[in-house]
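Take a look at the structure below.
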Amino acid sequence: MFYETRDNKHGLPHDPFKSCIVPRPIGWITTISADGIANLAPYSFFNGVASDPPMVMFSSNGSSANPVKDTLANCLETGEFVANLATWDLREEMSRTSAAVPPEEDEFLLAGLETAPSRLIKPPRVKSAPIHLECRYLQTVDLPCNDPGGRNALVIGQVVGIHISEDVLTDGMVDIGKLKPIARLGYKDYTRVDEAFTMTRPA
Ligand SMILES: Cc1cc2nc3c(=O)[nH]c(=O)nc-3n(C[C@H](O)[C@H](O)[C@H](O)COP(=O)(O)O)c2cc1C
Numbered sequence: 004m005f006y007e008t009r010d011n012k013h014g015l016p017h018d019p020f021k022s023c024i025v026p027r028p029i030g031w032i033t034t035i036s037a038d039g040i041a042n043l044a045p046y047s048f049f050n051g052v053a054s055d056p057p058m059v060m061f062s063s064n065g066s067s068a069n070p071v072k073d074t075l076a077n078c079l080e081t082g083e084f085v086a087n088l089a090t091w092d093l094r095e096e097m098s099r100t101s102a103a104v105p106p107e108e109d110e111f112l113l114a115g116l117e118t119a120p121s122r123l124i125k126p127p128r129v130k131s132a133p134i135h136l137e138c139r140y141l142q143t144v145d146l147p148c149n150d151p152g153g154r155n156a157l158v159i160g161q162v163v164g165i166h167i168s169e170d171v172l173t174d175g176m177v178d179i180g181k182l183k184p185i186a187r188l189g190y191k192d193y194t195r196v197d198e199a200f201t202m203t204r205p206a
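Under the numbering used here, the letters of the sequence shown match residues 4 to 206, in that order.
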């Protein structure tokens, strides 16, 4: 099959686009408002974009009803965020933090999660997550948006500090079997990543 995305007539029961980019890592993003209110939400349009210096991006896809999600607003206001790793053990908590709640509502409380202070930035970390990337906001790239009044904003941040729990290390390497990150598929589906295979690059 083939379809053009300008009219999106794929003829399938559900839009297959997100199922074609899988698995997508989940940036479970902590930010803080200018008033000091912490916010936590998952973003699966998330990835690393460079390693020297290390940088990550996530994309806030706001509809006309809510063009600027709290995470984006806080990044623009206070310039810092933490990307916490969402794992199999934390899947229910991660999901709960995606609820649309007003900025003054604390998603840590909502999900029954504890915070841990960051070392270099103000937003707190999700204590139980095994990996945290402390990030300083670099720039926003505003992308086309088909919803008039909506906003597709790609946020790029520089990773200035990385926490890795000793519990997920084996012989000094991050052990995927211990880490068990979850990642987003299409529809309502997720996958758990706990297996690796190794290939060497051609010389
Ligand atoms: C697994 C998962 C991935 C998500 N990925 C995104 C994303 O990439 N971009 C986005 O705008 N919303 C995404 N959402 C929805 C946001 O988490 C949701 O709109 C949330 O309420 C935003 O919170 P905030 O306003 O506190 O930033 C995702 C939700 C889930 C459960």
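Glycine included, each C-beta is placed from N, C-alpha and C at the ideal position.
Using a 10 angstroms sphere on the CB of leucine 123, the tally of other CB atoms stays under 16, which defines it as exposed.
Contact between the region 22-41 and the region 128-146 is present: three or more C-beta pairs spanning the two stretches fall below 8 Å. Between the alpha carbons of cysteine 148 and leucine 113 lies a distance of about 31 Å.
Taking C-beta separations shorter than 7 Å and ignoring five residues to either side along the sequence, the partners of glycine 164 in its chain run Arg122, Leu123 and Glu137, following chain order. Setting aside the 5 residues that flank it on each side, aspartate 73 is surrounded in the same chain by Asn42 and Pro106, each with a C-beta closer than 6 Å to its C-beta; the list follows chain order. For the set Ala119, Pro205 and Ile179, the Cα lying nearest the Cα of tryptophan 91 is the one of Ile179. For glutamate 169 and proline 184, the gap between their C-alpha atoms comes out near 16 Å. Distances from the CA of valine 158 to each of Ser22, Asp150, Tyr46 and Asp174 were compared; the closest alpha carbon is that of Tyr46. Contact annotation: the region 16-24 touches the region 183-201, with at least three C-beta pairs closer than 8 Å.
Inclusion of glycine 160 and valine 25 in the CB contact set at 8 Å is not warranted, their separation being larger than that value. As DSSP reads the structure, asparagine 42 sits in a beta bridge with Thr34. At a cut-off of 7 Å, the beta-carbon of lysine 72 counts as near ligand 1: some heavy atom of the ligand is closer than that.
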